[in-house]
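Numbering (this note's numbering), first residue to last: 2 to 149.
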């Protein structure tokens, strides 16, 4: 599915509400979608949709107040990790890809190292410290990625 870009929006500095003109947010947008003004360099996540003309962002709008703005709402995500997925024809593709990279890094940095001890017990180590526990029979066995 392509980005949703019908109508225009008004955004207000320090306010999380987006007001649309000629929009159908209630049938085209869901919580978790990504919102961006076409001329801005910031991407926001949709918290909720109030009705056809109003939606709420998860954070307040950080740029200057403006009306009649072109915008895009990214609605395509990977499964099962829910990473934003740009498709042909999308605008603000660099912002969407940057968001995906940041989310991938967060998942990567949330990696745990599991160590099997002499007593066949698995012990999680949340750092990347090298284990050298040969005298006690410890053996590094694998890296395990945890979902956020």
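Just so it is clear, CB atoms sit at the ideal spot from N, CA and C, and this is done for glycine as well.
Since we're looking at a predicted model, the values are computed, not measured.
Closer than 8 Å is the cut-off here; do at least three beta carbon pairs connect the segment 39-50 with the segment 79-97?
yes
Do the segment 80-91 and the segment 54-68 make contact, defined as three or more Cβ pairs closer than 8 Å?
no
So, is residue 36 buried or exposed, given that buried needs 16 or more other C-beta atoms within 10 angstroms?
buried
Length at least 3, wholly inside the segment 33-70: the beta strand (DSSP E) runs in chain order
35-38, 45-52, 55-58 and 67-70
In angstroms, rounded to a whole number, what distance separates the CA positions of residue 83 and residue 76?
10 Å
For residue 78, list the residues DSSP reports as bridge partners.
85
Considering residue 30, what are the terminal residues of the alpha helix (DSSP H) in which it resides?
Segment: none, residue 30 is in no alpha helix (DSSP H) and carries neither H nor E.
Measuring only the C-alpha atoms, how far is residue 71 from residue 91?
13 Å
Please tell me whether residue 48 and residue 54 are closer than 9 Å, where the distance is taken between their beta carbons.
no
Taking a contact to mean a Cβ-Cβ separation below 9 Å, would you say residue 58 touches residue 101 in this structure?
no
What span of residues does the alpha helix (DSSP H) with residue 19 cover, start to end?
Here residue 19 belongs to no alpha helix (DSSP H); instead the beta strand (DSSP E) covers 18-22.
Residue 94 in three-state terms, based on DSSP
helix
Distance check for residue 74 and residue 32, CA to CA, integer angstroms please.
11 Å
Taking Cβ to Cβ, would you say residue 171 is nearer than 9 Å to residue 66?
Only positions 2 to 149 of the chain appear in the structure, and residue 171 is not among them; the question remains open.
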